[in-house]
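Protein chains in written order, with the numbering used here: chain A, 56 to 220; chain B, 881 to 1252. Using N, Cα and C, we set each Cβ at its ideal position, and we do this for glycine too.
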């Protein structure tokens, strides 16, 4: 099917809209959809892959020819990542760190996590202290939002952790 | 204890009967977080054994949790295509989890659903865990709190993959950090009719949010339903992301309401005609495509919120929206339907459901009249 607007390119996007008091279904190519305010970033098929394709043009690290070693843990290569937009395991974040750091900055505008802290139960003592700190923060938030059930639970857990010191 | 493989009935669709906050504009609120287990390859790259092992561990953790102790579990492999489509139409699973149409799903994929709360989790989707909570209407904070509680519980039982700088690690770098995606499914016929919609959508894209059609990523916009969600997941706390979305969605709701009152003031006859025509077609049509049904439902929903119509109830519209889709019609018919047959079944289903709603209301009125 061809685009209803330009009659040139193949239609990729279906838009149902009400125009001049009439309900219409339009089949648009991505360019014409963009001109109607439906940007391609809003209607992507595999969003990150497109993004990476664009990125590859001005950034060498994720360019198709960038070889480098595959991830020692799962075997994911730069090419795999470019193709799927996905890494294979947690180790990939260490292995591809320089490239990912640049990508994360472009995607999120930041590379520093500012949300919940997580430390598994098996962590070291130093971790325990930061876990207590993180739980205190969450306790305060729970009190602020009057979520007393969570607050009571956190208070008990902080207490237990402090006893364990 | 988690029960598995129960016959698939109406699980996870209870929310359609809820009439939530700002229900005139907002259909539903959804919050999900993505998590992965430490020491396991992410599902897309994992071996069948590894995926199976992840499922065993998640299942055990869910069983031991308060939030999901009473849940049901379905392994996607055990479901036939019709059942998978039912879950898709209820937005409980993703295409990624159930596998491409006509192809077998990858092993180890599962859906766990609480029987008492609208929360659930997908196992071995793009990430090991995708936990989600759903509510009718506009309830971002409450929905987030539900999922936060589940996340806390599971996080104590299973070690998550977490990086001191990048936060929770996910298969796709677009989800890394909080792993949080909060979204509001919102009905914007007023903004579409007054042609303000592109400006509003443009504004949304400029403030770090994104929008999609009714069926999520890559889907078309149908029936004036837009799903607005946070675009970024890293660099802001969960509360900040939720607050930001709540504030912007609140603004969009405001714009939509004022667009509706402008329409009512400037073009009442056109509007009333459109609403009644939509209702009339739904009540009488003998063949309806999903697309046409959605668009007509949009008109009726608008009419209800502007009090141009007094019936059917919004819950009935929600019910039609979910149960009028192909897999649900096939289940009701007890077999496969080709497109033409499905359109005929859909029209019958819509007529019957609206007639029943009407009957319910007039029966109620009659009873009231008798009483008085």
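- Residue pairing by DSSP places residue 998 of chain B in no beta bridge whatsoever.
- Among the CB atoms of chain A, none fall inside 7 angstroms of the CB of residue 1137 of chain B.
- Flagged as an interface residue toward chain A: residue 1041 of chain B, by a C-beta distance shorter than 7 angstroms.
- Using a Cβ-Cβ cut-off of 7 angstroms, residue 1025 of chain B is close to 202 of chain A, given in chain order.
- Three or more Cβ pairs drawn from the stretch 913-927 of chain B and the stretch 1033-1051 of chain B lie within less than 8 angstroms of each other, which places the two stretches in contact.
- Buried is the label assigned to residue 1012 of chain B, since at least 16 other Cβ atoms lie within 10 Å of its Cβ.
- For residue 1036 of chain B, the enclosing alpha helix (DSSP H) covers residues 1020-1037.
- With a 10 Å radius around the Cβ and a threshold of 16 neighbouring Cβ atoms, residue 906 of chain B comes out buried.
- Scanning its chain for C-beta atoms nearer than 6 angstroms, with the 5 sequence neighbours on each side dropped, one finds around residue 1133 of chain B the residues 902 and 905, in chain order.
- DSSP places residue 127 of chain A outside both helix and strand once states are collapsed to three, so it counts as coil.
- Contact between residue 914 of chain B and residue 1010 of chain B is confirmed by a C-beta separation of about 6 angstroms, below the 8 angstroms threshold.
- For residue 1018 of chain B, no chain A residue has a Cβ inside 8 angstroms of its Cβ, as the nearest lies near 17 angstroms away.
- When rounded, the separation of the alpha-carbon atoms in residue 1219 of chain B and residue 192 of chain A is 55 angstroms.
- Counting other Cβ atoms within 10 Å of its Cβ, residue 61 of chain A stays below 16 and is therefore classed as exposed.
- Residue 1012 of chain B has B:912 and B:1000 as its beta-bridge partners, per DSSP.
- Listed in chain order, the beta strand (DSSP E) elements of length 3 or more contained wholly in the stretch 1064-1129 of chain B are 1089-1092 and 1105-1110.
- Where residue 941 of chain B is concerned, the enclosing alpha helix (DSSP H) starts and stops at 928-944.
- Within chain B, the residues 1045, 1046, 1047, 1057 and 1114 have their CB atoms less than 7 angstroms from the CB of residue 168 of chain A, given in chain order.
- Looking at B:1182, B:1208 and B:1022, the one whose alpha-carbon comes closest to that of residue 1155 of chain B is B:1182.
- Per DSSP, the unbroken alpha helix (DSSP H) holding residue 1177 of chain B starts and ends at 1170-1185.
- For residue 922 of chain B, at least one C-beta of chain A is nearer than 7 angstroms to its own C-beta.
- For residue 884 of chain B, the secondary structure class from DSSP, reduced to helix, strand or coil, is strand.
- Look at the stretch 1217-1230 of chain B: it has no residue with a C-beta under 9 angstroms from a C-beta of chain A.
- Residue environment: residue 57 of chain A is assigned as exposed (fewer than 16 neighbouring CB atoms within 10 Å of its CB, all protein chains considered).
- Residues are counted here when their Cβ sits less than 7 angstroms from a Cβ of chain B; for the stretch 124-138 of chain A these are 129 and 131, given in chain order.
- Between residue 1000 of chain B and residue 892 of chain B, the beta carbon gap of about 7 angstroms places them in contact (Cβ cut-off 8 angstroms).
- Taking a 10 Å sphere around the C-beta of residue 1064 of chain B, we find 16 or more other C-beta atoms and assign the residue as buried.
- For residue 163 of chain A, the nearest beta carbon of chain B is closer than 7 angstroms to its own beta carbon.
- Around the C-beta of residue 1109 of chain B, 16 or more other C-beta atoms lie within 10 Å, and the residue is accordingly described as buried.
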